[in-house]
Structure formats: C-alpha cells, structure tokens
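Before any comments, here is the structure.
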Amino acid sequence: MDAVGVAPCQALTSLYSVIKWPDSLSEHPLCLSASPLLLQHPPLSSEPPSLCLSPSRVLISMANLLLTLSLWLLAGSHFVRATYYRHHRYIPHFYRYREHTANTDNLLPDVSNPVPEVTQSGGSTNQEIPEVFHPAPESVHPMPEVFHHVPEVVHPAPESYLPPQVHHPAAPVPPFSSRVFYGIMFDAGSTGTRIHIYKFIQKDPVELPVLDSEMYHAIKPGLSEYKYNPEEGGNTIRQLLKIAKKTVPEEEWKRTPVVLRATAGLRLLTEEQAEGILKEVREVFEESPFYVPINSVSIMNGINEGVLAWVTVNFLTGHLYSNTRRTVGILDLGGGSTQITFLPKSKKTIETAPSSYTARFSLFNNTYELYTHSYLKNGLIAARLATLGALGADGLDWKVFTSPCLPKKYRAEVTFGGNTYKVSGIPDGYAGYKLCYYEVQRVIKGIFHQPYEVKGTNVFYAFSHYFDRANETGLISERGGTVEVRDFKKKAKEVCNKMTKYRPISPFLCMDMTYITCLLKEGFGFKDSTVLHLAKKVNNVETSWALGATFDFFRNFNIH
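Be aware that the sequence shown starts at 7, since it is given in the numbering used here, and climbs by one per residue.
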C-alpha cells in the first residue's frame, strides 16, 4: 500500500491505544491521555494532561472518527485505481502484437495467465484487469492458417515413405530409401548378356518413379554357352559389373540392387547345367559392393517375359499414364523364344484363348488382363536349327545340316546353347524364297495360336531381332520406323533371290527374313496390311523386358 492507504489504519490503532476503557460507561467517564494525535499543541508541562469525557460525548467523537476514516479510505482507493490505469492502459496492444507475431514454440498466446504481474511502487497491485478492458474469451479458437509461417510446427511432416514389401526379405540397407536411386538389371539371353543401369527419381510414392537415364552394355556370347565352364560365365558378369561401378555413385552402391534374370537360353539347358551357371553368378554378385537381395538370380518364365516387355513399352510410350487405357501390343523375337502380348479390346479374345495364354497383374490401382504367350524354341536362332533339322538332333560331330535357305557354297560351324553344328547350303540343289518358305512353314504350322484381335486395328511394337533384320536389309534406319507385314515378305524375296549380294551381311539373312514373314502371317495371323512399329529404343531407353522387371522388383506386380 502507499502512504495514503496506511495513514487511516495508523490513526485507528493510535486511537485504540490511548483510550482507557472503564468496566461500564454508565458508571465512569471516559478518560484519555494526551496524545500528539489528538492535541494540536504540545503539552505545557512534563506530565501529560488527561481528558475525561462523558459516555455520550465519547460516542459522538467515535462517530466523527469513523466518518473521517471512511472518507480517507474512499479517497485512497480512487488514487490507487487512477495510478493502476495510468501504468496498464497499453497492455491490450501488447497482446494484439503477440497474436500477430510468428512463434516457433507456440503460435497462440498463453491464456493460462493472461495478464502478467506488474508491480508498481507506492500503491497496491491488483491481479485482475477490469472486464471492460480485458474480456476473457470462453475458448481460444485456432489462429487463421495465414499466420502459420512455420509448416514444420503447424503441419508436422508425415512419416517417411516406405516402399511396399516385395517377395524378398528386407535388406540391412533399404534399396529404395532415397529420392534418387538406381537399379541394375542383367538380361541373360541366349545370344548375349546385357546390363541395364537405371537412374530413377521418385516424385510420387504411390506411382512408378520417373526414369532419368539408362546405361546399357551388351557382351557376347550368352551364359548358356558356358554350361560346361560356369566360371568363365561368371567372368563376363564381372566385366559388366565394372561398368556399373563407374556409373553408380559410390555412396549409392550399398542401396543399389543388382538382379539377373535369365531367359530362353538357360531354359533350354538341363536343370543341373542351368543351376551351375546361376550359382556362379550369385557368388560374383556377393563379391560386388552392391545390394544383393534374396532371389536376385533366377530364370524368368515366358509369361513374365512377355508381360514385363509390355510394361516397358507402354511405360516408355506414355500409355500407362493415359486415362483412356489405350495401350500398344508388343512382339519380341529373341534368340531362343518369341512373345506376343497385348491388352484385348474384345472379351472374345480372352474367351477363345487357352487358359495359359492370359495373365493378370495390378498396376496404378488397375488390374490388367493381357493376352500373352511365349513360344520356346521359336526364337530366331532356335528356329534356324529347327529349319535345318538340327535342333535336338544326335551325331553333331559328323552330321552336316543343309537348307535351301542358305547360299549354295556356304559351309560353316555355328554354336548355340553350348553345342556346335555343321551347316551348309545345297551345292547342286535349288535355293530361293519359295523353297525356304516351305521349310520354315513346317517349323511354325500347328504350333502357334492365332488371337482373335490381331486381324483388327491393334497397334504393335516389334523389337529385338525384328528390328535387327529390318535394319540390316534396309527396311528401316537405326532410328527405327513403321513397316507393313507385306514389306517383310517383299524384302525376304529380294534377299533370297540375291543371296550373293547379301551374304556379307549374314548368310542366314534369307532364312531369317523368310521366318519372320511366315511367323507374322502363318503363326500369329497378321494381315499383309498390318502396320508394325519397329524400335530398338523409345525415348533413348532399350525396348526389352528389363525395365519392366526392374519395376516389378521394386513394386511386385504379382503376375499370375
């Protein structure tokens, strides 16, 4: 309290101390000793005088004192109130400032103690602000989003994305833990081994990543040629891994999965021979600095080969992102097998196809049911041996296999699947397109199923040996192009009737072009006017099943 508030209390205390209270006011007068509080002048003698009052006068005097005391207290309270408001009238502005100031700890004002304690000398403090100046809100509403300048506080970041678990166990170091990541896929084919090194950027965790670039390299021969010497086959993998170490940043090695999928070349070997090669590849992978998942080395079945090639081409052409579900079909002609895959437009295609000629899988929350089939031993190189009658034959050491599809004076030894064959033309016989077509037709007839829709308007991309032979004969350039089925037939006739001219390119060119013509017409049932898009690359990425297999490794399409 200040001096004004203390004075009345002191006066009351002094008054109480000087009154000599009798036992009964009616019997004795009230006597007071002189006191500086009651006398305006000092005493004239050393002994303080005394003053005796009657009871009635005492009551009157006490009433006057109480009235005086009340007036003093009223005046003091007005003084205290005026002093408090003089020092506190700008506090509301302080709170408005806090409400509009970003605070990383708490963007709302602390309402548990809305008024800070303010101490003012010379008067009593009051812990409450009058309601007229500080109306206490019943509840504190969240501040408008515009004031939330710190997203990390107002909107906590969600937990980091974890990719779906695939068929292999979790690795010590996740292969899919960064926004930019790599994948290494080996394509162990019948004619060679290829390495695809993909760099991806994951922009949306619920969709396929964006393919940034591809490093591609191939080496011959294929792993199936090392069925009697698996260690040498492992050395070819080591050579390709050196390229991977130069392409993938060293800090990403432990996160980058390395996977090998073998196709028809190893499918044509015995189980023991194939497993010997795969075991050697696994050991080479374990020596590398890359992430080696469970089941990183295996033989791919024909259905997956066709489906994953379809995924690759439709991803590269942008059809997987289209809302119209318009897609393109694929024709893949390898060395040991050939595949046809497309999304049917008509239910009749599925209904009339054998049950093993369809496959289902899920992608982008859509379920696709494809027509797909892989024909083993009907790849281009295997078809050569079948046309010659050499595929699966005995007596390879002394037998010579001849064909009118080869130049008359041609003599050579060819190797496929680890076996060596002696082949030649017919020196004293006839050669040409008609005789060649007749021999090739025996290899195809009765084996292939002709889908209902191939005679329609479906768009097909053809690659691998389709592209290679068309390019070698001048049908298309290195950049690819479109051809009609009749163009293959026309070029096959030209090559077969001028074998000497085309022999430097390949002595098998007549046989190969005739086989492709017969395969498209007699095998799959395409019309002469059907247009095919021939492409080795789309958007500078190889057209093969390798990219689709890499997506399948990360996402697991559950093909069945």
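Think of the CB as a built atom: it goes at the ideal place given N, C-alpha and C, for glycine as much as any other residue.
Given residue i as reference, the closest of the options once Cα atoms are compared
i: ILE453; options: LEU525, PRO263, PRO413; result: LEU525
i: SER380; options: LEU540, PRO433, MET306, ARG417; result: MET306
i: TYR327; options: THR344, PHE370, SER361, LYS405; result: PHE370
i: PHE187; options: LYS260, LEU515, LYS428, VAL334; result: LYS260
i: HIS539; options: LEU394, TYR472, GLU548, LYS527; result: TYR472
i: ARG273; options: SER294, ALA224, SER343; result: SER343
i: LYS499; options: LYS251, GLU484, GLN456, MET517; result: MET517
i: ASN464; options: TYR377, ILE482, PRO433, SER512; result: TYR377
i: LEU391; options: GLY401, ASP400, PHE407, THR242; result: PHE407
i: SER219; options: ALA315, THR253, LEU246; result: THR253
i: ASN372; options: GLY487, THR488, ALA69, LEU349; result: LEU349
i: ARG475; options: LEU229, ILE387, LEU77; result: ILE387
i: HIS566; options: THR364, LYS543, VAL429, TYR222; result: THR364
i: LEU394; options: LYS451, TYR416, GLY401, SER430; result: SER430
i: PHE192; options: ARG244, TRP404, LYS353; result: ARG244
i: GLY341; options: LYS354, VAL313, LEU382; result: LEU382
i: TRP316; options: ARG331, ILE346, LYS233, PHE291; result: ILE346
i: LYS440; options: GLU484, LYS495, PHE469, ALA389; result: LYS495
i: LYS527; options: HIS455, TYR467, SER483; result: HIS455
i: PRO215; options: GLY228, LYS226, LEU402, ARG185; result: ARG185
i: LYS209; options: LEU217, ILE203, THR426; result: LEU217
i: THR556; options: MET519, ILE201, LYS251; result: ILE201
i: PRO513; options: ILE482, VAL420, ASN425, GLU484; result: VAL420
i: THR242; options: PRO255, PRO227, TYR234; result: PRO227
i: SER294; options: ALA69, ASN320, LEU246, HIS223; result: LEU246
i: ALA280; options: VAL290, ASN310, ASN235, VAL544; result: ASN235
i: TYR204; options: THR197, HIS223, GLU213, ARG417; result: HIS223
i: GLY282; options: ASN546, LEU75, LEU339, LYS233; result: LYS233
Coil, strand or helix - residue i by DSSP
i: ARG509; result: coil
i: GLU220; result: strand
i: VAL334; result: coil
i: ALA541; result: coil
i: HIS566; result: coil
i: GLY189; result: strand
i: THR347; result: strand
i: PHE206; result: strand
i: TYR381; result: strand
i: SER230; result: helix
i: ILE453; result: coil
i: LYS504; result: coil
i: MET519; result: helix
i: VAL254; result: coil
i: GLU237; result: helix
i: PHE559; result: helix
i: PHE532; result: coil
i: HIS140; result: Because HIS140 carries a pLDDT of 45, less than 50, the predicted location of this residue cannot be relied on, and the following value inherits that uncertainty. In this structure, HIS140 counts as coil in the three-state DSSP scheme.
i: THR355; result: helix
8 Å contact criterion, which residue i and residue j should meet: CB distance rounded
i: ILE511; j: GLU478; result: 5 Å
i: GLU445; j: SER409; result: 6 Å
i: GLY189; j: THR269; result: Wrong, their Cβ atoms sit about 18 Å apart, outside the cutoff.
i: PRO433; j: MET505; result: The Cβ separation is near 13 Å, so there is no contact.
i: TRP551; j: THR318; result: 6 Å
i: GLY486; j: LYS542; result: 6 Å
i: ALA266; j: VAL298; result: The displayed chain sequence assigns Leu, not Ala, to residue 266. Not a contact, Cβ separation roughly 10 Å.
i: GLY324; j: GLY271; result: So it is not a contact: roughly 32 Å between Cβ atoms.
i: GLY239; j: GLU278; result: Wrong, their Cβ atoms sit about 15 Å apart, outside the cutoff.
i: LEU337; j: PHE422; result: Between PHE422 and LEU337 the Cβ distance is about 22 Å, and since that is not below 8 Å, they are no contact.
i: PHE532; j: VAL491; result: 5 Å
i: VAL449; j: ALA389; result: 6 Å
i: PHE563; j: SER361; result: Going by Cβ atoms, the distance from PHE563 to SER361 rounds to 20 Å, so no, they are not a contact pair.
i: GLU459; j: THR536; result: Their Cβ separation, rounded to whole angstroms, is 11 Å, which puts GLU459 and THR536 out of contact at 8 Å.
i: SER470; j: LEU339; result: 5 Å
i: GLY554; j: LEU314; result: 3 Å
One or two residues paired with residue i in a DSSP bridge
i: LEU72; result: LEU72 is not bridged to any residue.
i: SER483; result: GLY486
i: SER470; result: LEU339
i: ASN371; result: ASN371 is not bridged to any residue.
i: SER550; result: According to DSSP, which records beta bridges pairwise, SER550 is partnered with nothing at all.
i: ILE225; result: THR199
i: ALA365; result: LEU376
i: ALA194; result: THR199, ALA268
Neighbour flag for residue i against chain C, beta carbons, 8 Å
i: ALA437; result: Of the protein chains in this structure there is only one, and it is not chain C.
Quiz item: What are the complete beta strand (DSSP E) segments, minimum 3 residues, inside the segment 264-322?
Solution: 264-268, 303-305
Quiz item: Along the chain, which unbroken stretches of the alpha helix (DSSP H) at least 4 residues long are found entirely within the segment 403-443?
Solution: none
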